[in-house]
Structure formats: structure tokens, C-alpha cells
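Visitor: Residue numbers (my numbering): 32 to 402. Glycine included, C-beta positions come from ideal geometry on N, C-alpha and C. Remember, predicted model here, so these are calculated numbers, not experimental data.
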Amino acid sequence: MKLRRIFCLVPDCHSSSGHYNTLWRNHFELGVAGVVERVVFPVGLHFDWARSDFPQLSENLVSRARAEQSEKLRAQIFAAHSEHGLDAVLSYCYGRDVEQGLVTECISRGIPWINFFCDSTHQFEHVETIARVASLNWFPEHAATRTYQALGRKFVCLPYAVNPDFMPDCTTERAERSAAFIGLPTTNRVQQLGILLWLGIPLEIRGRGWDARTQFHNPVPKWRRLAQIARAGNFGEKLLRRAVWKRVESAFRGPLPDAELQSYLRKTRVLLGLNQGRDRSGVYESYLKFRDIEFPGYGCCYVTQANADTTRLFARDEEIVLYDGIWDAHKKIDLLLRNPDRAKEIGKRARQRVLREHTWQRRIAQLAEAL
């Protein structure tokens, strides 16, 4: 079959969350719109209540909001199907976003439902209600394959897709800074960046959430925090975080507005990606993130941790530079900074690979085949 007429649902594009609203609008909604015959987007929907950075609401209010939005979606999906004939609903939804019954009703009325979800290695419970009934589950992390396989539903493991219209060439011709990290201070990023800075890598840090006042504030009583640390066995990790914080704080240069991103990339020799997250057992594991496709697509010389996905998608140390641990990262970044011509060529080859294999033109055809 071919996917020509799509109803596209991305709740992040219908919330006020800022960065993710813009990111998924450009690279998901408009990416799909550029390669199919007809795409229908929902109107009049609001999903602030469903996003984790929105103030906590009671489960009763969440349930009511989900039911209201699902009813609006139901009317719009079936109206579009009646008028145009839909080949599928393509969504990027958490289980909290829509009623499971809406998905099953669409399928029963001949409209396949394809749901994309990332972070499946450590947040699968947030998509499970939809994953159990979707016609096709699409996820980018190879390590999550067994989890989806156990559901008995169709699935496909494919990386993210980017929209070339929002991927200008940002290959570095004349660098103003040696290396940079762009992102949030989540998981163990503070510790890893601190070690690299301590080892002498001239890193610049940009992003949101690096305010010192928020790094170590914890409203939980001290005795309870100590008990939590004892149970988790991560005292050394917390100690290291505090030990390197001043060094990390001194490398922070503030948030990076979306409008300045491309100019910033063009003037940065090496871009660092830190792609670890805790799996469902609490262990740090490297997994594929959107930045692992996005930044190589811009033509950056991108350095990130090796995992089953990054090693499968790119030629190691030729299209992106992969490290096996933070000490290896230091060695490889140092070599790249000593050889700017090699760094530039790596970025060029990465961009060619992304534009050849990881655009929506390619991905839509693969989804149709899997469906």
C-alpha cells in the first residue's frame, strides 16, 4: 500500500511547551506534509494538560480533558475520512494523550493507526496503552524491540526522520569555538561535561535549566534524601556532580534561541552529544535521540556515545565520531580539535548520509511497507 492521505496528530504541536512545539512542527508535521498527497492536521486542540512540564492536574481532570480532546479528534478524523478517504492516522502520542478507544474505533472503521514513540527503552509505560492497540508501532531504539514484540502488534524499528526544508548546510568553515554541548542538564550530563572540562576540553554549554539555583534544590527533607541515596546506591554520582559543578557552571553561556541555532552550529568545530538515559532498571544506557540525526544532518562534526543504533546508522569515525566512554570521548575530541580539516569532512559526510536515508520521503515509504 501507499500512504498518500494522512491525518497527522502530534500533541506537542498543540501545546505551549515552546521548543518541542517548534521542533516537531518543523520536522514531523511539515515533514509529512511535504511528501504526501494530502495531510490533515487537527484544529482547536490543546494538550498542555498532557505534558510533563505542565503543573500537575488531578487524574479526574486529566481523564476529562483526554475524553474531550478525543471526541474532537474523533469528529475530525472521520470527517476527513468521509471527505477524502484516509490511508492512515500518523501520530506521535503518549498514552495519556488520547483515549485507547479512539484508536481501536479508527482501526475498526478501516483507518490504520501508526504511532511513533521515542524513549521506549526507559519510558515505555507512557505509551503502552496506545502501543497495545495501534496498527503499527514505530520506534527508533533497537533495544526496545523485544518490548514491542511482546505486544503481538506490528512494529518497525526505524530512526527519526528530518525535514530537509529545515536543514540548511551548517558545515563549519571558520570556527569561533572549539566544542559545544547544547541541551538540558538531565541524567548524568553534568558529571560527564565536568570530567571533559577537567581534562582540558574547551567546552561551551548552551541550553535551558542550567541555573545553579535549581541544580541542587530539593524540597524533600534531608533525612529522607539520605535514605533515598542509600537505597539507590548513587552517593558517588551525587558527590561527583557537586564536585564538578563550579567548572560546569563557568562553561555555561546561557540558553540558545532557535533563531540563533544555525549560526551557532556554523561557528562550532565539534558538537558533543550526550545520549545516556536510565533504563527501566535504573542503569545508564546510551540510546538514539533526535539530536543524533539532527546535528549530523546539519553537517556538524558530531561526537556521541556508541550504541547499537548509532553504529548501525552511521559509518563510525567517518560520518560521526563515536566514543565508548568519557575518557575515550576526551581523546577523540582532542584529536578532532587538532585536525579541523578532518572534522569538517566528517560533518559533510554525515549530512550526505542523513539527506540520503533519514528524510520523510524515505520514511513514509518504509512505514507503508511495514504496515
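Could you tell me the distance, in whole angstroms, from the CA atom of G27 to the CA atom of A401?
Guide: The structure shown does not extend to residue 27, since the chain is modelled only from 32 to 402, so the question has no answer here.
Visitor: Might you give, ordered along the chain, the residues of its own chain that have their beta carbon closer than 6 Å to the beta carbon of I155, omitting 5 neighbours on each side?
Guide: The amino acid occupying residue 155 in the given sequence is Phe; Ile does not appear at that position. Contacts found: T178.
Visitor: Going by the CB atoms, is the gap between F212 and I236 shorter than 7 Å?
Guide: In contact: I236 and F212 (Cβ atoms closer than 7 Å).
Visitor: Give the range of the beta strand (DSSP E) segment to which A181 is assigned.
Guide: Element bounds for A181: n/a, residue is neither H nor E.
Visitor: Is it right to say P286 is buried, meaning 16 or more other beta carbons lie within 10 angstroms of its own, or is it exposed?
Guide: It is exposed - the Cβ of P286 has fewer than 16 other Cβ atoms within 10 Å.
Visitor: Under a three-way DSSP split, which group does V251 fall into?
Guide: For V251, the predicted structure reports a pLDDT of 49, less than 50, and the residue's modelled location is therefore unreliable. A value from the coordinates is still provided. The answer is coil: DSSP assigns V251 none of H, G, I, E or B.
Visitor: Using the Cβ count rule (16 or more neighbours within 10 Å means buried), how would you classify N219?
Guide: The residue is buried, with at least 16 neighbouring Cβ atoms inside 10 Å.
Visitor: Do three or more CB pairs link the segment 159-172 to the segment 136-147 at distances below 8 Å?
Guide: Enough Cβ pairs lie closer than 8 Å, so yes.
Visitor: Report the option in D196, A110, S317, L88 whose CA atom is closest to the CA atom of N57.
Guide: Comparing Cα-Cα distances from N57 to each of D196, A110, S317, L88, the minimum goes to D196.
Visitor: Leaving out five residues before and five after L257 in sequence, what residues of the same chain have Cβ atoms less than 7 Å from its Cβ?
Guide: Note that L257 scores 49 on pLDDT, short of 50, meaning its location in the model is unreliable; the coordinates nonetheless yield the value given after this. Same-chain partners within the cutoff: there are none.
Visitor: With a 10 Å radius around its C-beta and 16 neighbouring C-beta atoms as the bar for buried, classify Q100 as buried or exposed.
Guide: It is buried - the Cβ of Q100 has at least 16 other Cβ atoms within 10 Å.
Visitor: Return helix, strand or coil for W241, following the three-state DSSP convention.
Guide: In this structure, W241 counts as coil in the three-state DSSP scheme.
Visitor: Does the segment 380-387 come within contact of the segment 314-332, defined as at least 3 CB pairs closer than 8 Å?
Guide: With a cut-off of 8 Å, the segment 314-332 and the segment 380-387 count as touching, because enough Cβ pairs lie within range.
Visitor: Distance, Cα to Cα, L76 vs A175?
Guide: Answer to the nearest angstrom: the Cα atoms are 31 Å apart.
Visitor: In chain order, what residues of the same chain have a beta carbon less than 6 Å from the beta carbon of G378, not counting five sequence neighbours either side?
Guide: Around G378: T202, G330, C331, C332.
Visitor: Return the chain-ordered list of same chain residues with a C-beta closer than 8 Å to the C-beta of V63, the five sequence neighbours on each side being excluded.
Guide: Once the five neighbours on either side are set aside, the close Cβ partners of V63 are I37, C39, V70, L121, W391, I395.
Visitor: Per DSSP, T299 is paired with what?
Guide: R208.
Visitor: Taking the C-alpha atoms as reference points, what is the distance between D372 and D323?
Guide: Spanning the two alpha carbons is a distance of roughly 22 Å.
Visitor: Which whole-angstrom value describes the C-beta separation of L13 and A106, a residue pair presumed to lie in contact below a C-beta threshold of 8 Å?
Guide: No information on residue 13 is available, as it lies outside the stretch 32 to 402 that the chain covers here.
Visitor: Give the secondary structure of F197 by DSSP, where H, G and I count as helix, E and B as strand, and everything else as coil.
Guide: Residue state, collapsed to three classes: helix.
Visitor: For N194, count neighbouring Cβ atoms within 10 angstroms of its own Cβ and tell me buried if that reaches 16, exposed if not.
Guide: Per the 10 Å Cβ criterion, buried.
Visitor: So what does I37 bridge to, in DSSP terms?
Guide: Per DSSP, V70, A119.
Visitor: Counting along the chain, where does the alpha helix (DSSP H) carrying V63 start and finish?
Guide: Where V63 is concerned, the enclosing alpha helix (DSSP H) stretches over 61-64.
Visitor: G214: buried (16+ other C-beta within 10 angstroms of its C-beta) or exposed?
Guide: Buried, by the Cβ-count rule.
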